[in-house]
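Novice:
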Amino acid sequence: DTSGTQADSGGEAGTGQRGEEEGAWGFLIQIDPDKYHDLILVLAAVLTESLILLPLFLDYAKLSRKRKIERMNCRAVFGRFLKMLHAAGCMTGYHGMEEDFSEKLPEALPCVCREEAERMVEIVSRAAYGCGEITEEENEFVRKIYFRAEGWICEKAGKAEHRKAGKAKHRK
8 DTSGTQADSG GEAGTGQRGE EEGAWGFLIQ IDPDKYHDLI LVLAAVLTES LILLPLFLDY
68 AKLSRKRKIE RMNCRAVFGR FLKMLHAAGC MTGYHGMEED FSEKLPEALP CVCREEAERM
128 VEIVSRAAYG CGEITEEENE FVRKIYFRAE GWICEKAGKA EHRKAGKAKH RK
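First residue of the sequence shown: 8, per this note's numbering; consecutive thereafter.
(1) Compute the Euclidean distance between the alpha carbons of Ala134 and Cys81, then round it to the nearest angstrom.
(2) Taking one C-beta from the stretch 111 to 125 and one from the stretch 146 to 156 each time, how about it: are there three or more such pairs within less than 8 Å?
(3) Please check the pair Val119 and Ala83, which I expect to be a contact at CB under 8 Å, by giving their CB distance rounded to whole angstroms.
(4) Is the beta carbon of Gly100 less than 8 Å from the beta carbon of Val131?
(5) Out of Gly86, Gly139, Ile160, which has the shortest C-alpha to C-alpha gap to Pro113?
(6) Throw me the rounded Cβ distance for the Met91 and Lys111 pair, which I believe falls under 8 Å.
(7) Check whether the Cβ atoms of Phe148 and Val128 sit closer than 8 Å, and answer yes or no.
(8) For Gly139, I'd like the list of residues in its chain whose CB is within less than 6 Å of its CB, leaving aside the five on either flank, ordered along the chain.
Rendered as structure tokens:
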């Protein structure tokens, strides 16, 4: 009996071809472009605007995060500083109040010198233990180090990604 095999293989005109067409493209929703022309134009316009405005939204998020940090005191900024260091894989065993923290920090972050590290630890220690009033200039000093370190870590991460991409490209 060959009639079943012909239908299954598409031998009969109409039956096999239609089954193949529905099987391959049956998952797609059939949209009548004439009926939904205006909707398609609106969706295309919204998608285009979203893609154009995406960098602005990202810049706004970065700016609002920076403003939030600028309102923090030195202790809060230092806490974020340590989280940032640990997330970057730097000084993961340190909490900031170790004896050799000021010595090791410049080794991990060349953008911060030892004197700056010592001053930052001294300011945060005074703020934490109530040994004297912290001035806005001292808070600003800690913030300045935070932002400099953040820039250095991001730059380092970008170069590392660039090197990875280059190595992968050369392997091919």
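Ideal Cβ positions, reconstructed from N, Cα and C, are used throughout, including at glycine.
Specialist: Let's see:
(1) Position 127 of the sequence shown, counting from 1, holds the residue named residue 134. Position 74 of the sequence shown, counting from 1, holds the residue named residue 81. Using only the alpha carbons, I get a separation of about 8 Å.
(2) Yes, since at least three Cβ pairs between the stretch 111 to 125 and the stretch 146 to 156 fall closer than 8 Å, the two stretches touch.
(3) Here the question's residue 119 lines up with position 112 in the sequence shown. Here the question's residue 83 lines up with position 76 in the sequence shown. For a cut-off of 8 Å, the C-beta gap from Val119 to Ala83 is around 19 Å, too long to register as a contact.
(4) By one-based count along the sequence shown, residue 100 stands at place 93. By one-based count along the sequence shown, residue 131 stands at place 124. No. Outside cutoff.
(5) Stepping through the sequence shown from its first residue, residue 113 is reached at position 106. Check the Cα spacing between Pro113 and each of Gly86, Gly139, Ile160: the tightest is with Ile160.
(6) Counting from one through the sequence shown, the residue named residue 91 turns up at place 84. Counting from one through the sequence shown, the residue named residue 111 turns up at place 104. The beta-carbon separation of Met91 and Lys111, rounded to 16 Å, does not stay under the 8 Å limit for a contact.
(7) Here residue 148 corresponds to residue number 141 of the sequence shown, with the count starting at 1. Here residue 128 corresponds to residue number 121 of the sequence shown, with the count starting at 1. Result no, Cβ atoms of Phe148 and Val128 do not sit closer than 8 Å.
(8) On the sequence shown, position 132 is the one that residue 139 refers to. Same-chain partners within the cutoff: Arg133.
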